[in-house]
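Notes for the one structure printed next.
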Amino acid sequence: MESFIPLPNVALADAPTPVLIRRDGDEAEVFGWTAGDADLHRVRTFPAAFADFEDGLSQVTLSPDGRALLMITVHPGPGQGPDRARLVTADGGVVWNSDAVISAGIGGVWSTDSAVLALTGAAETIWLVTIDPNGSVTPRAIQVDGPVGRPSVEPSPSTSLVVPVGFSEDGRWLYGARRDLADGATTVVVRVAVPDGTVEPVSGVGPAGPGRLDPTAQSFADPATGRTVRFGPNAATPGGPPVFEVHESDGSLAFRVEGHVVGGYAWIGDGRLAVVEADALPFPSQVRAVVLNGDGDVEATMLETGAVGGSALLGVVDGHAVLAFFTDQPRWQVQVVLVRLSDLAASAVVLNAEVDKLVGGGILP
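If you're matching positions, the sequence shown starts at -18 in this note's numbering and goes up one per residue.
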């Protein structure tokens, strides 16, 4: 029998707001939860967000300010062709559609102020989509092929791509990484100037100066160290759990996580890593959320569950981790959990109604 860990629904001072995105016909409804409240509150509705949008497996994410919605319809494999993306704003409705986007398991990367969105494009491009204060957009496809970011052996577009990693603290640069879709290896190799699209080769990301990764923004590399994660198929054990390795900015191995199946991770921004791992997938009998230090050792265990149907780490914002757990036996339910990392204080709410309509989630400050 699947069940949630019993946790109180209590107020947490200065905690961010977890949000859930629900599809209702063509509308996308965004609901938030304030720790301690018994019910969700409506944050925003995006009318006609799904109108004439391809059905299928989709990634649906919210901008950091909650005023824009990104939807990507994802093909089942990296060699299945480009994906379709749509950007919807609170002021302008559907403002951008593209059939030349590749999810690459990452989706989009937002700047902290939600003014710029970066996505992987087809044919070795990165999309920079600037959102004006009035809600209109300016999309630019930046070419990053040629000598920049190329490995010694010419890759196929279905096995290797340059993907956005994160924005610099001063907002001037977007960093990109060469991502091997076969084994999950990710190495920062390029940066793109946001104002004019100039492309420069780099070797990793420095931990200091205005050009370092923004520690308050979404990033797929650690702002404190420039480390990246390799998360992909296990070549040593075919059919075994995915490999989860942390690599230094120069590509050398820092540490690997073994013995568990990693289901999600997020950089905390200070060299530590939040990880959700299970004893098996599918049908885990135990899931735990932990904080790993710079050596890969468990510094703290946020929580442990028994058998659940699934789990997700929605992210880490302002020193708080946001997690979601799912059950489908005896009925569909979702538990949203906030954990304050400084003292591991936790608060949770369980949702029962219409959880089958949920299509995404996120965090608002």
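Here a beta-carbon is modelled for each residue, glycine too, at the ideal position from N, C-alpha and C.
Keep in mind it's a predicted model, so treat the numbers as computed, not measured.
Buried or exposed for residue i, please, with buried defined as at least 16 other CB atoms from any protein chain shown within 10 angstroms of its CB.
i: Glu(-17); result: buried
i: Pro265; result: buried
i: His22; result: exposed
i: Ser233; result: exposed
i: Asp(-5); result: exposed
i: Gly207; result: buried
i: Leu51; result: buried
i: Leu284; result: buried
i: Leu325; result: exposed
i: Val129; result: At Val129, the pLDDT of 49 sits below 50, so the modelled position is not reliable; the number obtained from the coordinates is stated separately. Burial call: buried.
i: Pro132; result: Low confidence applies to Pro132: its pLDDT is 42, below 50, so where it sits in the model is not reliable, and the reading given next is rough at best. The residue is exposed, with fewer than 16 neighbouring Cβ atoms inside 10 Å.
Name the two residues that bound the continuous beta strand (DSSP E) containing residue i.
i: Val82; result: 74 to 82
i: Val340; result: 339 to 345
i: His241; result: It is not in any beta strand (DSSP E) - His241 carries neither H nor E in the DSSP assignment.
i: Asp64; result: 64 to 70
i: Ile107; result: 106 to 112
i: Ala329; result: 326 to 332
i: Val272; result: 268 to 273
Going by the CB atoms, is the gap between residue j and residue i shorter than 8 Å?
i: Val180; j: Val170; result: no
i: Val272; j: Ala255; result: yes
i: Val331; j: Phe(-15); result: yes
i: Gly205; j: Pro188; result: First, the residue type needs correcting, since residue 205 is Ala and not Gly in the sequence shown. Yes; because the gap between Cβ atoms is below 8 Å, this pair is in contact.
i: Gly102; j: Gln40; result: no
i: Ala261; j: Val242; result: yes
i: Ile83; j: Leu1; result: no
i: Pro347; j: Ala85; result: Nothing about residue 347 can be reported from this structure: the residues present for the chain run from -18 to 346 only.
i: Thr140; j: Ala122; result: no
i: Asp195; j: Gly147; result: yes
i: Pro191; j: Asp151; result: yes
i: Gln267; j: Thr286; result: yes
i: Val318; j: Phe307; result: no
i: Val227; j: Leu304; result: no
Checking the sheet assignment: what are the DSSP bridge partners for residue i?
i: Ser92; result: DSSP lists no partner for Ser92.
i: Gly147; result: Tyr156
i: Val186; result: Val186 pairs with nothing; no bridge assigned.
i: Val55; result: Per DSSP, none; premise fails for Val55.
i: Val169; result: Ala158
i: Ile123; result: Ile107
i: Ile2; result: Val11, Gly341
i: Gly245; result: Val257
Please name the residue in the options whose C-alpha comes closest to that of residue i.
i: Arg312; options: Val336, Ala293, Ala326; result: Val336
i: Gly341; options: Val(-9), Leu43, Asp(-5); result: Leu43
i: Glu8; options: Pro(-3), Phe34, Ala(-4), Pro(-11); result: Phe34
i: Trp248; options: Gly178, Thr197, Val173, Gln316; result: Thr197
i: Phe212; options: Phe306, Gly165, Ala(-8), Val320; result: Gly165
i: Arg48; options: Gly74, Arg193, Glu258; result: Gly74
i: Gly240; options: Tyr246, Asp5, Phe225; result: Phe225
i: Thr167; options: Ser149, Pro176, Ser200, Gly178; result: Ser200
i: Pro(-13); options: Asn333, Arg321, Arg4, Gln316; result: Gln316
i: Leu98; options: Val125, Ala104, Asp126, Val69; result: Val69
Would a check of beta-carbon distances place residue i closer than 8 Å to chain C?
i: Thr197; result: The displayed structure is made up of one protein chain only, and chain C is not part of it.
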